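In this note's numbering, the protein residues as written are 268 to 391.
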């Protein structure tokens, strides 16, 4: 009596390989862009933390700080800027007068934030 041969045919293997290739072609580009998106998200979070730290920086240094049209006295990630059309002033006691700031990455405006006196915290 002859035993049946177990295994897959060449056609079955080619079909499975083709399906795996199609799935990889659809999914792979999303993973490639994921790293860039995470980098931008992390940098934006860092900018937020720096802006929220301005009252403490003004208090610790005992000086008035200002976010204006030329930027802010912050050490930001490369290519990032924080600007204000009307200056946002942080008093030497750590209080802030409030205002609107814009967050830029290169030539792209990422966000507009309203800072409310007296704490001027950027809330997400």
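Backbone N, C-alpha and C fix where the C-beta goes; we use that ideal spot for every residue, glycine too. Note that the structure is a prediction, hence the values are computed from the model and not measured.
For residue j and residue i, believed in contact at Cβ under 8 Å, the rounded distance
i	j	result
residue 335	residue 351	6 Å
residue 364	residue 384	5 Å
residue 319	residue 389	6 Å
residue 311	residue 377	6 Å
Buried versus exposed call for residue i [16 or more other C-beta atoms within 10 Å across all chains shown]
i	result
residue 297	exposed
residue 295	exposed
residue 404	Since the first and last residues shown for the chain are 268 and 391, residue 404 lies out of range.
residue 322	buried
residue 299	exposed
residue 293	exposed
residue 382	buried
residue 283	exposed
residue 368	buried
Beta bridge counterpart(s) of residue i as assigned by DSSP
i	result
residue 378	370
residue 333	356
residue 347	372
residue 338	335
residue 363	357
Alpha-carbon to alpha-carbon, residue j and residue i
i	j	result
residue 346	residue 316	16 Å
residue 366	residue 343	20 Å
residue 391	residue 333	22 Å
residue 337	residue 348	9 Å
residue 280	residue 291	16 Å
residue 285	residue 274	19 Å
residue 360	residue 341	18 Å
residue 379	residue 328	27 Å
residue 305	residue 357	31 Å
residue 386	residue 287	54 Å
residue 278	residue 270	22 Å
residue 308	residue 314	10 Å
>> Quick check on the DSSP output: what are the complete alpha helix (DSSP H) runs of length 4 or more inside the stretch 287-331, in order along the chain?
In response: Listed in chain order, the complete alpha helix (DSSP H) runs (minimum 4 residues) inside the stretch 287-331 are 321-328.
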